[in-house]
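Visitor:
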Amino acid sequence: MTTTEHTTPSPSAVDSGASASASFRAGSASGFGSAGSSTARVDTLARAVLAAVHGVIREHKVTYPEFQAAKKWLMDLGDGGEWPLFLDVFVEHAVEEVAAETQAGTTGTILGPYYLPDQVRLPAVAALPARPDEPGSSWLFQGQVRDLDGNPLAGAELDVWQNSADGFYSGFAPHLPEGNLRGVVVTDEQGRFAISTILPAPYQVPTDGPTGELIEAAGWHPWRPAHLHLLVRADGHRTITTQLYFTGAQYIDDDVARATKPELILDPQQLADGSFRSEYDFVLEPV
Ligand code: MBD
Ligand code: FE
Numbered sequence: 006m007t008t009t010e011h012t013t014p015s016p017s018a019v020d021s022g023a024s025a026s027a028s029f030r031a032g033s034a035s036g037f038g039s040a041g042s043s044t045a046r047v048d049t050l051a052r053a054v055l056a057a058v059h060g061v062i063r064e065h066k067v068t069y070p071e072f073q074a075a076k077k078w079l080m081d082l083g084d085g086g087e088w089p090l091f092l093d094v095f096v097e098h099a100v101e102e103v104a105a106e107t108q109a110g111t112t113g114t115i116l117g118p119y120y121l122p123d124q125v126r127l128p129a130v131a132a133l134p135a136r137p138d139e140p141g142s143s144w145l146f147q148g149q150v151r152d153l154d155g156n157p158l159a160g161a162e163l164d165v166w167q168n169s170a171d172g173f174y175s176g177f178a179p180h181l182p183e184g185n186l187r188g189v190v191v192t193d194e195q196g197r198f199a200i201s202t203i204l205p206a207p208y209q210v211p212t213d214g215p216t217g218e219l220i221e222a223a224g225w226h227p228w229r230p231a232h233l234h235l236l237v238r239a240d241g242h243r244t245i246t247t248q249l250y251f252t253g254a255q256y257i258d259d260d261v262a263r264a265t266k267p268e269l270i271l272d273p274q275q276l277a278d279g280s281f282r283s284e285y286d287f288v289l290e291p292v
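Heads up: the sequence shown is residues 6 to 292, going by our numbering.
Following this line, the structure appears as structure tokens:
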């Protein structure tokens, strides 16, 4: 396992797990009914999931001690508030793959557990809110939002969020100010934007919670490559949920969340002053 390169400060799995659970509940998701699923659909999916689990048990001759250990681990996952983390790390990529089958324009990828709505609205040329002494390499990220026909989309929103150099997301770690490295940037008349921020850092799944316990017990590694999250939206267009990554970055070919895609990898240019610059354009399809 390659877990030694980055050391993390004190925020615990419970901090991020509890906040991620609360934030998910505050969002729009509710019961099966709200998903628009009929009784027949729920029946089909629930049967299929249970059949898959039964299949694993039979194929691998799962024992009673293993069944009880799994039960305890699942209980811990709920108690630690880590269901959103666990599902977004290990399951969401498959849901996104299916969604992508009917999506045109910029490639999407998973949302993850750390999106927070209602962040500060910023003009097309803006710096993300950051601490006065925000550590990390300066990064200017700029580009244009267009429709499928190549027309610029003025007033489009780039709702962006990223971790700080120590690997944590604001809102999910008590040492970071609210709204740090989050913002909604609105494109100008030419659909353009230029965002000043820092390069994001690799992300480590908390090792002191149940998700980390499973990763450790299975001999996997807990890392995601550094990434910038974005929701890109414009009136009359389908919102793109995506992430941008960096060429040659650690874990770029071995993301624990399986959420990298070749089209989403940037190759930032380093300037003489040591800062970095990237360009990326987004294309949205009509709804
Ligand atoms: C992250 O930062 C993330 O983007 C995902 C998908 C899962 C866990 C943490
Ligand atoms: Fe993330």
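All C-beta atoms in this analysis are idealised placements derived from N, C-alpha and C, irrespective of residue type, glycine included.
1. Please state whether the Cβ-Cβ distance between P128 and V191 is less than 8 Å.
2. My assumption, with CB atoms under 8 Å, is that W228 sits in contact with Y250. Please give the rounded CB distance.
3. S28 by DSSP, collapsed to three states: which one?
4. With DSSP collapsed to three states, give me the class of V103.
5. Roughly how many angstroms lie between the CA atoms of A178 and T107, to the nearest whole one?
6. Please confirm whether T111 and V237 have their CB atoms less than 8 Å apart.
7. Measure the alpha-carbon distance for D138 versus E284 and round it to whole angstroms.
8. Do you know offhand how far A170's Cα is from L204's?
9. Just to confirm, are W144 and S28 a CB contact at a threshold of 8 Å?
10. Using three-state DSSP, classify V91 as helix, strand or coil.
11. Let me know the secondary structure DSSP gives Y69 once reduced to three states.
12. Is G188 near ligand 2 - that is, is its Cβ less than 7 Å away from at least one heavy atom of it?
13. Using only the alpha-carbon positions, how far apart do Y208 and D278 sit?
14. When DSSP builds the beta bridges, which residues end up paired with D152?
15. Assign N156 to buried or exposed, taking buried as 16 or more other Cβ atoms, counted over all protein chains shown, within 10 Å of its Cβ.
16. Taking Cβ positions, are V261 and V125 nearer each other than 8 Å?
17. Are the Cβ atoms of H234 and P291 separated by less than 8 Å?
18. To the nearest angstrom, report how far apart D48 and G60 are at their CA atoms.
19. With distances taken Cα to Cα, identify the nearest neighbour of T152 among L269, S17, G196.
20. Hey, could you find the ends of the beta strand (DSSP E) I245 is sitting in?
21. Using only CA atoms, which one of V130, A135, P140 lies nearest to Q147?
22. Just confirm the distance between the C-beta atoms of A132 and S175, as a whole number of angstroms; I'd bet it's less than 8 Å.
23. Give me the Cα-Cα distance between T8 and V165, rounded to the nearest whole angstrom.
24. DSSP three-state call for I220: helix, strand or coil?
25. Just to check, is the beta-carbon of D164 closer than 7 Å to a non-hydrogen atom of ligand 1?
26. In angstroms with no decimal places, state the Cα-to-Cα distance between G41 and D84.
27. Taking the beta strand (DSSP E) that D240 falls in, what are its first and last residues?
28. Rounding to the nearest angstrom, what Cα-Cα distance links S17 and A23 in this structure?
29. Skipping 5 residues on each side, what residues in its chain have a beta carbon closer than 7 Å to that of Q275?
Guide: Judging by the given coordinates:
1. The residue you call residue 128 lines up with position 123 of the sequence shown. The residue you call residue 191 lines up with position 186 of the sequence shown. Going by C-beta atoms, P128 is nearer than 8 Å to V191.
2. Numbered from its first residue, the sequence shown carries residue 228 at position 223. Numbered from its first residue, the sequence shown carries residue 250 at position 245. Contact flag wrong, Cβ pair sits at about 13 Å.
3. Position 23 of the sequence shown, counted from the start, is the residue given in the question as residue 28. S28: helix per DSSP, three-state reduction.
4. Within the sequence shown, numbered from 1, the residue matching residue 103 stands at position 98. Note: V103 maps to helix in three-state DSSP.
5. Translated into positions along the sequence shown, residue 178 becomes position 173. Translated into positions along the sequence shown, residue 107 becomes position 102. If I take the Cα positions, the gap works out to 36 Å.
6. As a working note, residue 111 is residue 106 in the sequence shown. As a working note, residue 237 is residue 232 in the sequence shown. Yes, the pair counts as a contact, with Cβ atoms nearer than the cut-off.
7. Taking the sequence shown and counting its residues from 1, the one referred to as residue 138 is at position 133. Taking the sequence shown and counting its residues from 1, the one referred to as residue 284 is at position 279. Across the structure, D138 and E284 are spaced so that their CA atoms are roughly 25 Å apart.
8. As a first step, residue 170 must be located in the sequence shown, where it is residue number 165. As a first step, residue 204 must be located in the sequence shown, where it is residue number 199. Taking the straight line joining both Cα atoms gives about 8 Å.
9. For the purposes of this step, residue 144 is identified with residue 139 of the sequence shown, where counting begins at 1. For the purposes of this step, residue 28 is identified with residue 23 of the sequence shown, where counting begins at 1. It is not a contact, given that the beta carbons lie outside the stated cut-off.
10. For the purposes of this step, residue 91 is identified with residue 86 of the sequence shown, where counting begins at 1. Inspection of the sequence shows that residue 91 is occupied by Phe rather than by Val. Note: F91 maps to helix in three-state DSSP.
11. Residue 69 sits at position 64 when you count from the first residue of the sequence shown. DSSP places Y69 in helix when its eight states are reduced to three.
12. Residue numbering aside, residue 188 sits at position 183 when the sequence shown is read from its first letter. With a cut-off of 7 Å, the C-beta of G188 is classified as distant from ligand 2, since no heavy atom of the ligand falls inside that distance.
13. Here residue 208 refers to the residue found at position 203 when the sequence shown is read from its first residue. Here residue 278 refers to the residue found at position 273 when the sequence shown is read from its first residue. So the two alpha carbons sit approximately 26 Å from each other.
14. As a first step, residue 152 is located in the sequence shown; it is residue number 147 there, counting from the start. Per DSSP, L289.
15. Sequence index remark: in the sequence shown, residue 156 carries index 151 (1-based). Flag for N156 reads exposed.
16. Indexing the sequence shown from 1 puts residue 261 at position 256. Indexing the sequence shown from 1 puts residue 125 at position 120. No, Cβ-Cβ distance for V261 and V125 is not below 8 Å.
17. Here residue 234 refers to the residue found at position 229 when the sequence shown is read from its first residue. Here residue 291 refers to the residue found at position 286 when the sequence shown is read from its first residue. Not in contact: H234 and P291 (Cβ atoms no closer than 8 Å).
18. As a first step, residue 48 must be located in the sequence shown, where it is residue number 43. As a first step, residue 60 must be located in the sequence shown, where it is residue number 55. Computed Cα separation, rounded: 18 Å.
19. Here residue 152 refers to the residue found at position 147 of the sequence shown. For clarity, residue 152 is Asp in the given sequence; the question names Thr instead. Looking at the Cα atoms, G196 is the closest of the given residues.
20. What you label residue 245 is simply residue 240 of the sequence shown in a count that begins at 1. I245 -> beta strand (DSSP E) spans 245 to 251.
21. Stepping through the sequence shown from its first residue, residue 147 is reached at position 142. Of V130, A135, P140, the residue nearest in Cα terms is V130.
22. One-based indexing of the sequence shown puts residue 132 at position 127. One-based indexing of the sequence shown puts residue 175 at position 170. Actually they are not in contact, since the Cβ atoms of A132 and S175 sit about 15 Å apart, beyond 8 Å.
23. Numbered from 1 along the sequence shown, position 3 holds the residue referred to as residue 8. Numbered from 1 along the sequence shown, position 160 holds the residue referred to as residue 165. Because T8 carries a pLDDT of 40, less than 50, the predicted location of this residue cannot be relied on, and no value is offered for it.
24. Along the sequence shown, read from residue 1 onward, the residue named residue 220 stands at position 215. Reduced to three states, the DSSP call for I220 is helix.
25. To locate residue 164, count along the sequence shown from 1; it is residue 159. Annotation for D164 indicates a beta carbon at 7 Å or more from all heavy atoms of ligand 1.
26. Sequence index remark: in the sequence shown, residue 41 carries index 36 (1-based). Sequence index remark: in the sequence shown, residue 84 carries index 79 (1-based). Distance between the alpha carbons of G41 and D84: 28 Å.
27. The residue you call residue 240 lines up with position 235 of the sequence shown. Unbroken run through D240: none, as it is neither H nor E.
28. Along the sequence shown, one-based indexing puts residue 17 at 12. Along the sequence shown, one-based indexing puts residue 23 at 18. Looking at the two C-alpha atoms, the distance is approximately 10 Å.
29. By 1-based counting over the sequence shown, the position of residue 275 is 270. Same-chain partners within the cutoff: F281.
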